[in-house]
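A.B. asks: Residue numbers (our numbering): 8 to 198.
Every residue, glycine too, gets a C-beta built ideally from N, C-alpha and C.
Because the structure is a prediction, the values reported are computed rather than measured.
One structure follows; several queries about it will come next.
As structure tokens, this is what we get:
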């Protein structure tokens, strides 16, 4: 089944949903507009690792950026998103697609929603062995490598990423005396 494509300026991004991207009556689809931004910003409240970088404007800007891709997971018959993922184009010396943000609704944790979003991210990045059909990719995707930063104390996220075969590449230490600094692990999946 192909979901409707979204148009942002001159770019169109379509996402094909397949059984591999479905978790218990869910469907994966592209960002659809400002109403999505408000709903996704509401999911950000209290999500681990988000901090102050959120709000509908953040999602509007990210969705309008051709170097980023929003995918939204919905559960059939339920209002609002079950979760979402934001992917970003390779930048600087980092050759892989960045998993910039993955957030799951608190009531949907443990239902396979995070696994479905991560599976879609791996497929967009073109990581060999990603399950199911690959969602339609933006021109910058398909590098065969996906990377992300995750707080070292976010056990649930680390377990999800490791269950998909991602490995720790680097550990970034907190900056002494900086209350906003958190130890991070740089994880990656590659072919």
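(1) Helix, strand or coil for residue 134? Go by DSSP, reduced to three states.
(2) Let's see if you can read the secondary structure: which residues bound the alpha helix (DSSP H) around residue 65?
(3) Please report the distance separating the alpha-carbon of residue 40 from that of residue 128.
(4) Taking the continuous alpha helix (DSSP H) assigned at residue 169, which residues delimit it?
(5) With a cut-off of 8 Å, do at least 3 Cβ pairs link the segment 33–51 to the segment 70–77?
(6) To which residues of the same chain is residue 45 closer than 7 Å at the C-beta, ignoring the five residues directly before and after it?
(7) Got a sec? Which residues, its chain only, sit under 7 Å from residue 161 by beta carbon, not counting five neighbours each side?
(8) Tell me which same chain residues have a C-beta within less than 7 Å of the C-beta of residue 195, skipping the five on either side of it?
(9) Hey, quick one: how far does the beta strand (DSSP E) through residue 89 stretch, first residue to last?
C.D. replies: Once the coordinates are examined:
(1) Residue state, collapsed to three classes: coil.
(2) Per DSSP, residue 65 belongs to the alpha helix (DSSP H) from 63–71.
(3) Cα to Cα, the separation comes out at about 20 Å.
(4) 162–170
(5) yes
(6) 63, listed in sequence order.
(7) 55 and 56
(8) 103, 152, 153, 154, 173, 174 and 176
(9) 88–95
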